[in-house]
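Q: This is the structure, below, for whatever I ask next.
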Amino acid sequence: MATAALLLIVTTVAGSTPALAEEKPIQHLKVADITTYEEAKRVFLATTAQLQTKTKLDAAELQAIHMITYSLEKSLAYFVEHSEGAQQASAKSLAEIVESVHINSENNRKEETQTHLSTYLQQAQAFAAGLP
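Numbering-wise, the numbering used here comes out as the position in the sequence shown, counting from 1, plus 14.
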């Protein structure tokens, strides 16, 4: 019995330690997959423009950013799956950054969100310039 209790404690502590468990976002919004290049481009440009307007990063803006990232993630997933070479690599990089923006905005981490959002907006500008 003591062994079972100890195992439960160790498992609980290990599962709650950030270094041991990768932080995952909570699915708050279900967004349909994007199925065409035109839609992916439109969503990418529109959501990026929305993110550019977020400068205060108060609780309301962090929540808005969190919601915007759901559609942006779908757009980038389309580009990752349907692109090749440098464009695909850029889309993968952007997707990773957006995941960080998503998780940090979801958890009301202003500074971390700002850091990742700034990186995203810089890289997104170059990515958008390469879209036909």
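Backbone N, C-alpha and C define an ideal beta-carbon position, used for all residues, glycine too. Note that this is a predicted model, so its numbers are computed, not measured.
Measuring only the C-alpha atoms, how far is Tyr-92 from Thr-67?
A: Answer to the nearest angstrom: the Cα atoms are 24 Å apart.
Q: Quick one, are the C-beta atoms of Glu-110 and His-80 less than 9 Å apart?
A: no
Q: Using CA atoms only, rank isn't needed, just tell me which of Val-115, Ala-103 and Arg-123 is closest to Ala-140.
A: Taking only the C-alpha atoms, the option nearest Ala-140 is Ala-103.
Q: If the criterion is Cβ atoms closer than 9 Å, does the pair Lys-55 and Leu-145 meet it?
A: yes
Q: Using only CA atoms, which one of Leu-90, Lys-70, His-116 and Ile-117 lies nearest to Ala-142?
A: Leu-90
Q: Reducing DSSP to helix, strand and coil, say where Val-94 ends up.
A: helix
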